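Down below is the structure, laid out as structure tokens.
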Amino acid sequence: MADELHHRSLLTGREREIFQLLVKDHTTKEIAAKLGISEKTVRNHISNTIQKLGVSGRAQAIVELLRLSELSLD
Numbered sequence: 001m002a003d004e005l006h007h008r009s010l011l012t013g014r015e016r017e018i019f020q021l022l023v024k025d026h027t028t029k030e031i032a033a034k035l036g037i038s039e040k041t042v043r044n045h046i047s048n049t050i051q052k053l054g055v056s057g058r059a060q061a062i063v064e065l066l067r068l069s070e071l072s073l074d
């Protein structure tokens, strides 16, 4: 049950927000400006997500998040 719950909330709200913007082809700089946070904070969220997923980069993270239905292309 705990694992199931963990899977449902793999990403934090902020991580999801950032990856939804990455999928829409926003740059780190644009995401930072849109969310009112620093570029470093955006990069930290992206790095944390990549580590959580055990993948080696943003593109792989996006593919994995789509596969897990954690992210949508809408």
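Sequential numbering of the sequence shown, starting at 1, is according to full-length UniProt numbering.
C-beta: ideal position from N, C-alpha, C; glycine also.
Bear in mind the structure is a predicted one, so any value in this text is a computation, not a measurement.
Whole-number beta carbon distance between residue j and residue i, since they are thought to touch under 8 Å
| i | j | result |
| --- | --- | --- |
| residue 21 | residue 34 | 7 Å |
Residue i - containing alpha helix (DSSP H), residue span
| i | result |
| --- | --- |
| residue 28 | 28-35 |
| residue 63 | 58-67 |
| residue 39 | 39-53 |
| residue 21 | 13-23 |
Beta carbon of residue i nearer than 7 Å to that of residue j
| i | j | result |
| --- | --- | --- |
| residue 31 | residue 18 | yes |
| residue 64 | residue 53 | yes |
| residue 42 | residue 28 | yes |
Check: residue i C-beta below 6 Å from any heavy atom of the ligand FAD
| i | result |
| --- | --- |
| residue 73 | The model on display carries no ligand, and the ligand FAD is accordingly not part of it. |
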